[in-house]
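Engineer: Take this structure, written in structure tokens, and hold onto it; I'll ask about it next.
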Amino acid sequence: MKINQLTGLIAAPFTPMHPDGSLNLDIIPDYYRLLKANNNTGAFICGSTGEGVSLTLEEKKSVAEAWARATEQDKDFKVITLVGGTCLQDAIDLARHAQSVNLYAVSFTAPFYFKPANVQMLAACCQAVADAVPEMPFYYYHIPVLTGVNFSMIDLLREVDGRINNFVGIKYTHEDFMDFLSCLHFANSKYDLLWGRDENLLSALVLGAKGGVGSTYNYAAPLYHQLIDAFNQGDLKKAQALQQQSIDMISLLGKYGGIATGKAYMKLVGLDCGEFRLPVKNMSPQSFEAFQQEVQALSFETYKSRNPQLVESNKF
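Residue numbers for the sequence shown follow the working numbering, beginning at 2 and rising by one.
Quick look at the structure:
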């Protein structure tokens, strides 16, 4: 399989929920338009940000179908879906479903209950899923902070190279820059390495990253486009300042409870995605008021993603 190197910002969308916790798929066309209007080049659905581990098998399929419908006329916008990790048969089922609805690629993360004992076992798990959809690009999703599986990815590439023909790359959500650089250079830079830490995107760009997957690209894509442009123009001082703005914004996630804070940011760009499911803690109304004040102090209005629906209605 010819490996395409994806570039630019690939958002990791939140899965929209109704107040009762059921899926709110009706807003996904508007979600796609928001991402497209802010020059995101794709979407990585049902991942950590998308609460994939909290969705049923049928719900994941419904989310995939909704994104497939919303983007079917836009072949330049790449939709990748995370098909899971713990149950290989479910992951295979989801991969085949993703292929049937014409998504661009599938991704798979390490089994995190019964963990693979070594990188060879991890490669075998990847192969079981990738072989089910041999014509579809397959990405491994490296996020050891959540899976507890932390083999060097250069060792995984050595294991799968020439063995899994549709293994095209890694979504790399970890801070091991030595390993990341080795992966970038492996086999004459054959594989697609997508950076997964928004708060240190600049460091990854220095090493040679060309594309990134992140949650904050949902609501602050203009900030990162400015950062990338500054880096490409050699204005490192400006790029550093923009990365610091990103860090200041991301620091509020930790202050206000973690990953669910991202959905609060989405409300501020005019796309209400509801709340996270248990066991994730959501923000109280009182905390949301304090959060809004802190966001305003960060000049969020100057770099937030522009919602075309609100622009049309003159609310922006």
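The beta carbon of each residue, even a glycine, is placed where N, CA and C say it ideally should be.
Cβ atoms of L194 and Y173: under 8 Å apart, would you say?
Structural biologist: Closer than 8 Å, so yes.
Engineer: Based on the DSSP output, what are the partners of Y140 in its beta bridges?
Structural biologist: Answer is S108 and G170.
Engineer: Return yes when the Cβ of A92 is within less than 8 Å of the Cβ of G215, no when it is not.
Structural biologist: Taking 8 Å as the Cβ cut-off, G215 and A92 do not qualify as a contacting pair.
Engineer: Could you work out which residue in M18, L123 and A71 is closest to G51 when comparing CA atoms only?
Structural biologist: The shortest C-alpha separation from G51 is found at M18.
Engineer: Below 6 Å CB to CB, which residues in the same chain sit around Q227 once its five sequence neighbours on both sides are set aside?
Structural biologist: Closer than 6 Å at Cβ, skipping near neighbours: L243.
Engineer: Would you identify the three-state DSSP class for A44, choosing helix, strand or coil?
Structural biologist: Of the three classes helix, strand and coil, the one that applies to A44 here is strand, per DSSP.
Engineer: Rounded to whole angstroms, what is the Cα-Cα separation between Y304 and A118?
Structural biologist: Each residue's alpha carbon lies about 44 Å from the other.
Engineer: Expressed to the nearest angstrom, what Euclidean distance is found between the alpha-carbon atoms of V150 and F113?
Structural biologist: Their backbone Cα atoms lie some 7 Å apart in a straight line.
Engineer: By alpha-carbon positions, which one of F152, Q245, C126 and D199 ends up nearest to I165?
Structural biologist: The shortest C-alpha separation from I165 is found at C126.
Engineer: If we require 3 or more residues per run, which beta strand (DSSP E) segments fall completely within the stretch 46-104?
Structural biologist: Segments of the beta strand (DSSP E) lying fully in the stretch 46-104: 79-83.
Engineer: For I171, I'd like the list of residues in its chain whose CB is within less than 6 Å of its CB, leaving aside the five on either flank, ordered along the chain.
Structural biologist: Contacts found: Y141, H143, M154 and L194.
Engineer: Take E66 as the anchor and find which of S101, A231, F232 and S300 has the nearest alpha-carbon.
Structural biologist: Looking at the Cα atoms, S101 is the closest of the given residues.
Engineer: Hey, how far is the Cα of P223 from the Cα of T42?
Structural biologist: Straight-line Cα distance between these residues: approximately 13 Å.
Engineer: What are the boundary residues of the alpha helix (DSSP H) that I155 is part of?
Structural biologist: Here the alpha helix (DSSP H) through I155 covers M154 to V161.
Engineer: What residue range does the alpha helix (DSSP H) around V150 cover?
Structural biologist: From DSSP, V150 is part of no alpha helix (DSSP H); its letter is neither H nor E.
Engineer: What residue from A298, A106, G271 and Q241 has the CA that sits closest to P138's CA?
Structural biologist: Of A298, A106, G271 and Q241, the residue nearest in Cα terms is A106.
Engineer: What did DSSP end up calling V214 once you bin it into helix, strand or coil?
Structural biologist: In this structure, V214 counts as strand in the three-state DSSP scheme.
Engineer: In terms of alpha-carbon separation, which member of Y192, F168 and G197 lies closest to E176?
Structural biologist: Taking only the C-alpha atoms, the option nearest E176 is G197.
Engineer: Flag this pair as touching only if the stretch 244-260 and the stretch 291-308 have three or more C-beta atom pairs under 8 Å; answer yes or no.
Structural biologist: In short, these stretches touch, since the Cβ pair count reaches three.
Engineer: Which of the three DSSP states is assigned to A133 in this structure?
Structural biologist: It is coil, neither helix nor strand.
Engineer: Between I46 and T82, is the Cβ-Cβ spacing less than 8 Å?
Structural biologist: Yes, they are a contact pair.
Engineer: In chain order, what residues of the same chain have a beta carbon less than 8 Å from the beta carbon of R159, not counting five sequence neighbours either side?
Structural biologist: F187.
Engineer: State yes or no: is the C-beta of L95 within less than 8 Å of the C-beta of L58?
Structural biologist: A contact, by the Cβ cut-off of 8 Å.
Engineer: For the putative contact between D31 and L272, defined by C-beta atoms under 8 Å, what is the C-beta separation to the nearest angstrom?
Structural biologist: Right, their Cβ atoms sit about 7 Å apart.
Engineer: Specify the secondary structure class of I260 as computed by DSSP and reduced to three states.
Structural biologist: Note: I260 maps to coil in three-state DSSP.
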